[in-house]
Structure formats: structure tokens, C-alpha cells
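Student: The sequence shown lines up with residues 764 to 1054 when you count with my numbering. Submitted below is the structure of interest, expressed as C-alpha cells.
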Amino acid sequence: MTKSILDGRYVSNILYEKLKFKYEELVKIVGRKAGLAFIKVGNDKASTIYLNTKTKKCNEIGIYQETFTFDENITEEELIIEIRKLNENKNIDGILVQLPLPSHINYIKIMSEINPDKDVDGFHPENVGNLLFNDKGIYSCTPQGIMELLKFYKINVVGKDIVIIGRSNIVGKPMALMLINEGATVQVCNSKTKDLFHKVKQADILISATGVPRLIKSDCIKEGAVIIDVGISEFEGKLSGDVDFEDVYNNSRLSYISPVPGGVGPMTIYSLIKNTIRAFELNNIQLKKNM
Ligand code: GUN
């Protein structure tokens, strides 16, 4: 059996080429660039790194971006006022509040304040509801990127047994909904799941999003499995996914595996850019047409 790498860098670069063409046309019609506002509260190291990657990609694509940084002691009310200003700002098409937020701020309340048409993260309850109903909306970036990656490699999910490890609102839950909407059979596991590795061994497709480095070893991989690694953590001073890549790649009979880095990460960023361009189009062209 051949083993293949799900190469998120390669795939996203191909998809950007198509997207750029469409974006350039939109810029001509609207008469300005798309605008994306990033909100960062406090000084979380990982958040800063993630945001730098996102802003760099915006600059490369030609999306106007601005980062609004606030002290970690900002109140919920003050943050809501800032979001409302951006909701009204005609040059801003997308708003992204980097998570995690400090514990005194209710992030669900904050997500609910973002205009759903500018919610490029897909975290507003209206967009989550659209996903639940399998209706049009802006969907969460990481699961959307994974769906694109599977599609690119022509990996069919219909009728497949899929195991997701991790039940977060950002990855696990929206991932399960997207796969269910496509006709897959999905099990969502968590740290308290009984016989986790027994379940993993049944998976045609495994999606691991725990942040526990090298949790997944070769002895729990089904023959022919597709393995998607969403985890990013540090292990012995090196970046590591949830999957012990060397062991799993060399010692199991998998069919596809995504590496860390270079697998899911670039696809997440691609989805953010795609969502921003979609919001730019919807808010400036489609809405005008409907007036
Ligand atoms: N923190 C970790 N992942 C994400 C994400 O996809 N979006 C936001 N806003 N914050 C995050």
C-alpha cells in the first residue's frame, strides 16, 4: 500500500492561485481591498505567533489588515464597544478575535457581538446554527481547511467511520458537523473516553485535536487509515503534533497522513483568507445587488 503525505502547504498554494484571481476581480469592482481586523487581548505567546502568521498571509494576498491590541485587563463592556465600532466600519469586512481571551471575559458573549456577516472565524451562534442546519454561512476555519484537504486528495468521507479526538468548539464539534453533513459516521472522543485506542483502531479516518504530543502510536492505526493531525505542541524543544509521526508513518499501514507543521496549519490560514474574501464579496456586491 502506498503512503502519502497530505501536504497542506502545496494544496493551499494551489488554492490561493484560484482565489487570488477571483479576489483581484472583486477588488476592481468594489474599488478597495478587503479589510480584516484582528483583535488581540493580552500577550499570550502562542496567540502572537498565530496572529503573525495570519497577518503575513493577508499582506501576501493584498488584504488590508489591522491588529487591535488591548491590555489583558480590558473589561467585557469595553471590548464590546470596540467590536461594535468595527461592525460599523465600512472598510472592515472581517473581524477575528484571537482566542483564548482572559477568563474574566465571556468569549461566547464576545463572539455573539460580531456582525455574523463579518465573522470570518465562523464562531457567531448564527453561523454555528447555519453549520448545524447545513445551510449557507461562514464556517470555522480549521475544520473547513481539513474538508478542503480531504477533497483535494479525493478522499471520500461518505459512509466512512471517522474518529475525532477532541470536542472543542473550534475544531472537534464543527468538524463533526461538517462530516455528518457530508454523510460520514462520526465518533467524537475526549480525554474521558473509555477504550480510546480501541476506538481509534476502528477509524477509517482519524482526526486528532488534543494538543497532547505523540499521543497516537502505530499500534492503534487501522490498515489503510487516513490520519489528520490538528495538534500543535512542543515536545523536547521541537514542534510536535498529536501523532508520533515517525513511528506511525514507518510502522503502520496507513494510506494518508498530515504532517505537523505543513499539514492542517496552512489549510486553516487558507480558510481564513477564503472566508474574508467571501465576506468582502457578500457585504459589498451581493448585498448591493439585493437592494
Ligand atoms: N485560537 C486558536 N485557534 C483559533 C482560531 O481558529 N481562531 C481564533 N480566533 N482563535 C484561535
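We treat Cβ as the ideally placed atom computed from N, Cα and C, and that holds for glycine. Because the structure is a prediction, the values reported are computed rather than measured.
Can you give me the start and stop residues for the alpha helix (DSSP H) that PHE1143 sits inside?
Tutor: Because the chain is modelled from 764 through 1054, residue 1143 falls outside the range shown and cannot be assessed.
Student: Could you please give the first and the last residue of the uninterrupted alpha helix (DSSP H) stretch that includes CYS732?
Tutor: Because the chain here runs from 764 to 1054, residue 732 falls outside it and cannot be looked at.
Student: Go ahead and pull the three-state DSSP assignment for SER1021.
Tutor: Here residue 1021 corresponds to residue number 258 of the sequence shown, with the count starting at 1. Correct three-state label for SER1021: coil.
Student: How should ARG1041 be labelled, buried or exposed, when 16 other C-beta atoms within 10 angstroms of its C-beta is the threshold for buried?
Tutor: The count along the sequence shown starts at 1 and reaches residue 1041 at position 278. Classification for ARG1041: buried.
Student: For the beta strand (DSSP E) containing LYS1001, name the first residue and the last one.
Tutor: In the sequence shown, the residue the question calls residue 1001 occupies position 238. Residues 1001-1003.
Student: Could you spell out where the beta strand (DSSP E) holding SER765 opens and where it closes?
Tutor: For the purposes of this step, residue 765 is taken as residue 2 along the sequence shown, with counting starting at 1. It should be pointed out that residue 765 corresponds to Thr in this sequence rather than to Ser. Premise fails: THR765 is in no beta strand (DSSP E) and is neither H nor E.
Student: Can you list, in chain order, the residues of its chain with a C-beta nearer than 8 Å to that of SER931? Leave out the 5 residues immediately preceding and following it.
Tutor: Translated into the one-based positions of the sequence shown, residue 931 becomes position 168. Taken in chain order, the residues that qualify are ALA972.
Student: Say the cut is 7 Å; is the CB of CYS952 nearer than that to a heavy atom of the ligand GUN?
Tutor: One-based indexing of the sequence shown puts residue 952 at position 189. False, no ligand heavy atom lies under 7 Å from that Cβ.
Student: Could you please give the first and the last residue of the uninterrupted alpha helix (DSSP H) stretch that includes PHE886?
Tutor: Taking the first residue of the sequence shown as 1, we reach residue 886 at position 123. Careful: PHE886 lies outside any alpha helix (DSSP H) and carries neither H nor E.
Student: Would LYS936 and ALA966 qualify as a contact pair, given that the criterion is a beta-carbon distance under 8 Å?
Tutor: Sequence index remark: in the sequence shown, residue 936 carries index 173 (1-based). Sequence index remark: in the sequence shown, residue 966 carries index 203 (1-based). Result no, Cβ atoms of LYS936 and ALA966 do not sit closer than 8 Å.
Student: Taking the alpha-carbon positions, what's the GLY922 to LYS820 distance?
Tutor: Here the question's residue 922 lines up with position 159 in the sequence shown. Here the question's residue 820 lines up with position 57 in the sequence shown. Taking the straight line from one Cα to the other gives about 36 Å.
Student: Taking the alpha carbon of VAL934 as the point to measure from, which residue in ASP898, PHE886, ASN852, ASN854 has its own alpha carbon closest?
Tutor: Within the sequence shown, residue 934 is the residue found at index 171, counting from 1. Closest option to VAL934, Cα to Cα, is PHE886.
Student: Check whether the Cβ of ASP856 sits closer than 7 Å to any heavy atom of the ligand GUN, and report yes or no.
Tutor: For the purposes of this step, residue 856 is identified with residue 93 of the sequence shown, where counting begins at 1. Flag unset: Cβ of ASP856 not near the ligand GUN.
Student: Output needed for LEU959: all residues of its chain with C-beta closer than 6 Å, excluding positions within five of it in sequence on either side, in chain order.
Tutor: Position 196 of the sequence shown, counted from the first residue, corresponds to residue 959. So the qualifying residues of the chain are CYS952.
Student: Tell me whether the beta-carbon of LEU789 lies closer than 8 Å to the beta-carbon of GLU1044.
Tutor: Your numbering for residue 789 matches position 26 in the sequence shown. Your numbering for residue 1044 matches position 281 in the sequence shown. Yes, the Cβ-Cβ distance between LEU789 and GLU1044 is below 8 Å.
Student: Would the C-beta of ASP884 count as close to the ligand GUN, meaning under 7 Å from any of its heavy atoms?
Tutor: Translated into the one-based positions of the sequence shown, residue 884 becomes position 121. Yes; taking the cut-off as 7 Å, the Cβ of ASP884 has a heavy atom of the ligand GUN nearer than that.
Student: Using beta-carbon positions only, say whether TYR1033 and TYR779 come within less than 8 Å of one another.
Tutor: As a working mapping, residue 1033 is identified with position 270 in the sequence shown. As a working mapping, residue 779 is identified with position 16 in the sequence shown. It is a contact, given that the beta carbons lie within the stated cut-off.
Student: Go ahead and label GLU845 buried or exposed: buried means 16 or more other beta carbons lie within 10 angstroms of its beta carbon, across all protein chains shown.
Tutor: The residue you call residue 845 lines up with position 82 of the sequence shown. Under this definition GLU845 is a buried residue.
Student: Should SER954 be labelled buried (16 or more other beta-carbon atoms within 10 Å of its own) or exposed?
Tutor: Locating residue 954 in the sequence shown gives position 191, counting from the first residue. It is exposed - the Cβ of SER954 has fewer than 16 other Cβ atoms within 10 Å.
Student: Could you compute how far the alpha carbon of THR838 sits from the alpha carbon of ILE868?
Tutor: As a first step, residue 838 is located in the sequence shown; it is residue number 75 there, counting from the start. As a first step, residue 868 is located in the sequence shown; it is residue number 105 there, counting from the start. In a straight line, the C-alpha of THR838 is about 7 Å away from that of ILE868.
Student: Pairs of beta-carbons, one from the region 900-907 and one from the region 1003-1017, closer than 8 Å: are there three or more?
Tutor: Because the criterion of three Cβ pairs below 8 Å is not met, the region 900-907 and the region 1003-1017 do not touch.
Student: Spatial neighbours of ASP1010 within its chain, please: C-beta separation below 7 Å, excluding the five flanking residues on both sides.
Tutor: As a working mapping, residue 1010 is identified with position 247 in the sequence shown. Contacts found: LYS980, SER981.
Student: Do ILE1048 and the ligand GUN come close, with the Cβ less than 7 Å from some heavy atom?
Tutor: Residue 1048 sits at position 285 when you count from the first residue of the sequence shown. Every heavy atom of the ligand GUN is 7 Å or more from the Cβ of ILE1048, so no.
Student: Consider the C-beta atom of TYR813 and the heavy atoms of the ligand GUN; say whether any pair is separated by less than 7 Å.
Tutor: Position 50 of the sequence shown holds residue 813. For the ligand GUN, at least one heavy atom lies less than 7 Å from the Cβ of TYR813.
Student: Note down the Cα distance separating PHE1008 from GLY771, rounded to an integer number of angstroms.
Tutor: Within the sequence shown, residue 1008 is the residue found at index 245, counting from 1. Within the sequence shown, residue 771 is the residue found at index 8, counting from 1. Rounded to the nearest angstrom, the two C-alpha atoms are 16 Å apart.
Student: Locate the alpha helix (DSSP H) running through GLU849, then write down its first and last residues.
Tutor: Position 86 of the sequence shown, counting from 1, holds the residue named residue 849. Looking at the sequence shown, residue 849 is not Glu but Leu. Per DSSP, LEU849 belongs to the alpha helix (DSSP H) from 839-851.
Student: According to DSSP, is PHE833 part of a helix, a strand, or is it coil?
Tutor: As a working note, residue 833 is residue 70 in the sequence shown. PHE833: strand per DSSP, three-state reduction.
Student: Mapping the DSSP letters down to three states, classify SER775 as helix, strand or coil.
Tutor: Looking up residue 775 in the sequence shown gives position 12. Reduced to three states, the DSSP call for SER775 is helix.
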